[in-house]
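Residue numbers (the working numbering), protein chains in the order written: chain A, 475 to 587; chain B, 310 to 424. Ideal placement from N, C-alpha and C gives every residue a C-beta, glycine not left out. From a predicted model like this one, the values you see are computed outputs, not experimental measurements.
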């Protein structure tokens, strides 16, 4: 099992550009989520999904869009990048009905100029 | 209001000694779960240990143990016999409710192990 994979590892964007951060898992986990990590603030939840076709907003959803067409994939779209979205983005997944331990991908470091 | 509070921004510990990382939480749910994650300088998030609110015993995983004091709403991580590889950022996190997997994270504590 590859676990949770994320691409790209690093990306530089200009203000106003859009892009998609990819996340995939091969563990058949129903629950997937996106977090951002900023210095001194821990991780904050952006969006999450409890299964294919079902998504919902987390704590900081503005400026981001998600969809979940398959169990395996959960892409995060930045609609119009802003410098405030410079951060490290983590995707995570877990099996529903258990302790809820989430397993994280390696992260994507995003710099918006 | 902050749901997870980690009051120690940074700590130094001597190799082979034990270190305790503080975590307090705030929730009105009866069913919740508490987690500790390690983030080394390479950046990945590594799951260390889990404690459920109804678990009567403190969780242990190898050199990691969780000192769970429910009445005080604290879930401190104890790392015994520290190793140089334990140098990392440590995050406390909580999920609330039996079927809700959203995590709230603390700001983290940086641990530096000295030889």
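Neighbour flag for residue i against chain A, beta carbons, 9 angstroms
i: residue 380 of chain B; result: no
i: residue 411 of chain B; result: yes
i: residue 356 of chain B; result: yes
i: residue 404 of chain B; result: yes
i: residue 334 of chain B; result: no
Residue i vs residue j beta-carbon contact at 9 angstroms
i: residue 523 of chain A; j: residue 542 of chain A; result: yes
i: residue 586 of chain A; j: residue 549 of chain A; result: no
i: residue 563 of chain A; j: residue 544 of chain A; result: no
i: residue 358 of chain B; j: residue 374 of chain B; result: yes
i: residue 424 of chain B; j: residue 324 of chain B; result: yes
i: residue 567 of chain A; j: residue 576 of chain A; result: yes
i: residue 360 of chain B; j: residue 397 of chain B; result: no
i: residue 559 of chain A; j: residue 525 of chain A; result: no
i: residue 314 of chain B; j: residue 334 of chain B; result: yes
i: residue 404 of chain B; j: residue 393 of chain B; result: no
i: residue 505 of chain A; j: residue 363 of chain B; result: no
Enclosing beta strand (DSSP E) for residue i [first to last residue]
i: residue 405 of chain B; result: 397 to 405
i: residue 385 of chain B; result: 383 to 388
i: residue 497 of chain A; result: 493 to 499
i: residue 430 of chain B; result: Because chain B here runs from 310 to 424, residue 430 of chain B falls outside it and cannot be looked at.
i: residue 539 of chain A; result: 538 to 540
i: residue 323 of chain B; result: 319 to 323
i: residue 530 of chain A; result: 528 to 531
i: residue 544 of chain A; result: Counting along the chain, residue 544 of chain A falls outside any beta strand (DSSP E), and DSSP gives it neither H nor E.
i: residue 570 of chain A; result: Residue 570 of chain A -> no beta strand (DSSP E), and no H or E assigned at all.
9 angstroms Cβ cut-off: residues of chain A touching residue i
i: residue 342 of chain B; result: 573, 574, 575
i: residue 276 of chain B; result: The requested residue 276 of chain B does not occur in the structure, where chain B is confined to residues 310 to 424.
Residue-chain proximity (residue i, chain B), Cβ-Cβ < 9 angstroms
i: residue 580 of chain A; result: yes
i: residue 568 of chain A; result: yes
i: residue 519 of chain A; result: yes
i: residue 522 of chain A; result: yes
i: residue 509 of chain A; result: yes
i: residue 542 of chain A; result: no
Cross-chain neighbours of residue i in chain A, by beta carbon under 7 angstroms
i: residue 417 of chain B; result: 516
i: residue 377 of chain B; result: Per Cβ cutoff of 7 angstroms: no residues; residue 377 of chain B is ~14 angstroms from chain A at best.
i: residue 363 of chain B; result: In chain order: nothing, as chain A lies at least about 11 angstroms away.
i: residue 359 of chain B; result: 573, 575
8 angstroms Cβ cut-off: residues of chain B touching residue i
i: residue 564 of chain A; result: 354
Contacts of residue i in chain B (Cβ-Cβ under 9 angstroms)
i: residue 532 of chain A; result: 411
CB contact check: residue i to chain C, cutoff 9 angstroms
i: residue 414 of chain B; result: Checking the listed chains, one finds no chain C in this structure; the protein chains it contains are A and B.
Contacts of residue i in chain B (Cβ-Cβ under 7 angstroms)
i: residue 505 of chain A; result: 410
The segment 311 to 327 of chain B: which residues have C-beta closer than 7 angstroms to a C-beta of chain A, in chain order? Interface annotation for the segment 311 to 327 of chain B against chain A: empty, criterion Cβ-Cβ distance under 7 angstroms.
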